[in-house]
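Enquirer: Residue numbers (the working numbering), protein chains in the order written: chain A, 49 to 240; chain B, 49 to 240.
Yeah, the Cβ is synthetic: ideal placement off N, Cα and C, and Gly gets one too.
None of the values given here were measured: they were computed from a predicted structure.
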DNA sequence: ATTTCTTATTGATTTTTATCAATGCCATTT
DNA sequence: AAATGGCATTGATAAAAATCAATAAGAAAT
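1) Mind checking which residues open and close the alpha helix (DSSP H) that includes residue 130 (chain A)?
2) Mind the definition here: the region 89-96 of chain A touches the region 163-183 of chain B only if three or more C-beta pairs lie below 8 Å; say whether that holds.
3) Is residue 153 (chain B) close to chain A? Criterion is C-beta to C-beta, closer than 8 Å.
4) Which of the three DSSP states is assigned to residue 76 (chain B) in this structure?
5) Is it right to say residue 55 (chain B) is buried, meaning 16 or more other beta carbons lie within 10 angstroms of its own, or is it exposed?
6) Closer than 9 Å, Cβ to Cβ, to anything on chain B: give me those residues from the region 170-191 of chain A, in chain order.
7) Would you list the one or two residues that DSSP bridges to residue 97 (chain A)?
8) Quick one: does residue 121 (chain A) have its CB under 8 Å from some CB of chain B?
9) Opposite residue 166 (chain B) in the DSSP bridges: which residues?
10) If we ignore side chains and look at the alpha-carbon of each, how far apart do residue 208 (chain A) and residue 202 (chain A) end up?
11) Run through DSSP, which three-state label would residue 16 (chain A) get?
12) Distance, Cα to Cα, residue 141 (chain A) vs residue 135 (chain A)?
13) So residue 159 (chain A) contacts chain B; which residues on that side make the cut at Cβ distance below 9 Å?
14) Do the region 137-154 of chain B and the region 214-230 of chain A make contact, defined as three or more Cβ pairs closer than 8 Å?
15) What is the residue span of the alpha helix (DSSP H) that residue 238 (chain B) lies within?
16) Mind reading off the beta-carbon distance from residue 145 (chain B) to residue 104 (chain B)? Whole number of angstroms is fine, and I expect it under 8 Å.
17) Under 9 Å, CB to CB, which of the residues in the region 201-218 of chain B have a partner in chain A?
18) Can you tell me which of the three DSSP states residue 122 (chain B) falls into?
19) Which value, in whole angstroms, describes the spacing of the CA atoms of residue 57 (chain A) and residue 175 (chain A)?
Right under this line is the structure:
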């Protein structure tokens, strides 16, 4: 249940056995069935979730009821509404499970105590957020500067596992397109 | 010359006098004239820059020679090609000065030694990157989910100083639009 | 087994945005 | 004072994407 988390942690910041034991005490396992919410817009985000198994999406919903996916999460990734988590403000995103999932939750108090007590946890956090920043910057660059086909190609090349596991209309949402448009872009590409 | 930097640092993580002295030794002041490069695509990004004065932009250039601005930076902000800085890979962004600017540079070795020697520097870094992540996430959400007018309104409300200081065609670039389109969007809004 | 739901595709049409081209303004330089 | 370059606006047209609507295939539920 904790395997992937510590695999990931150790790959970034090697831990002693004692440190692992301390950290483990702050983690709360949670299982989520497909379509269940981890977080609903308007609630305060109480935790950061490490994904041991499964797939989730974070998204906002506009006036017309359309979902706009801001982030996918699969094994070894973290998912959260970080702004709500850190400030205690109501969440602007929803998070739910695309597949049955197994998570490790880090609550606000756990997060704060870990930052205090385990210096390596701060390093781990810094590395995670840095990685997330860089990949989001890539995504943004691609959106503002690349033609559609290239954007899809890039995405598919960067996240082949997501393209396989997730329905196309969600990919379209993630790219800021309608499902119809993405379908047509793919047809064009296939014809080549 | 160092005032803003330590003002910002102390507001996030209070420092002792000794710590300030240590950190100061790792900072290199640099002045940049309008239009001068801090970084050119293809070069390795050698530093993170804290902006004491002025304004800069980070951008990529596409096949047709169009600039796509990924980030603006003004006083109290950091600017860099973080991926290049951290990995040593060639930069994919250019960074240059929109106005005459004064910077404090943190080199790679300075960054690494500071992370080692001054725990508060790691905290400061973590807070900075977290803030950058959250605002970029907002920007991305706005791009994939809001109509154009709203996006411009949001941007202008969030960064009034940038709207004032920076030519409109750069704002358009930042929003992923042509200057003509942004001009028309603004006309529509004014008429209301 | 059949019904329901989700998903993907396709076509016709409208809306949005980009492109191309021209103009005028203002600030700076000469 | 005239010339230059950077910038914003406007118009006409083309291209891209959204919308609306219909169909069909597959998976899941009853």
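Expert: So, from the listed chains and residues:
1) 130-135
2) no
3) no
4) Of the three classes helix, strand and coil, the one that applies to residue 76 (chain B) here is strand, per DSSP.
5) exposed
6) 170, 171, 173, 174, 177, 178, 180, 181, 182, 184, 185, 186, 187, 188, 189, 191
7) Per DSSP, the beta bridge partners of residue 97 (chain A) are A:127, A:153.
8) no
9) Note: residue 166 (chain B) is not bridge-paired with any residue in the DSSP secondary-structure output.
10) The alpha-carbon atoms of residue 208 (chain A) and residue 202 (chain A) are separated by roughly 10 Å.
11) Since the first and last residues shown for chain A are 49 and 240, residue 16 (chain A) lies out of range.
12) 14 Å
13) Within chain B, no residue comes near residue 159 (chain A); the closest Cβ sits about 12 Å away, beyond 9 Å.
14) no
15) Taken as a continuous stretch (DSSP letters only), the alpha helix (DSSP H) holding residue 238 (chain B) covers 227-238.
16) 5 Å
17) none
18) When DSSP states are grouped into helix, strand and coil, residue 122 (chain B) belongs to the strand group.
19) 10 Å
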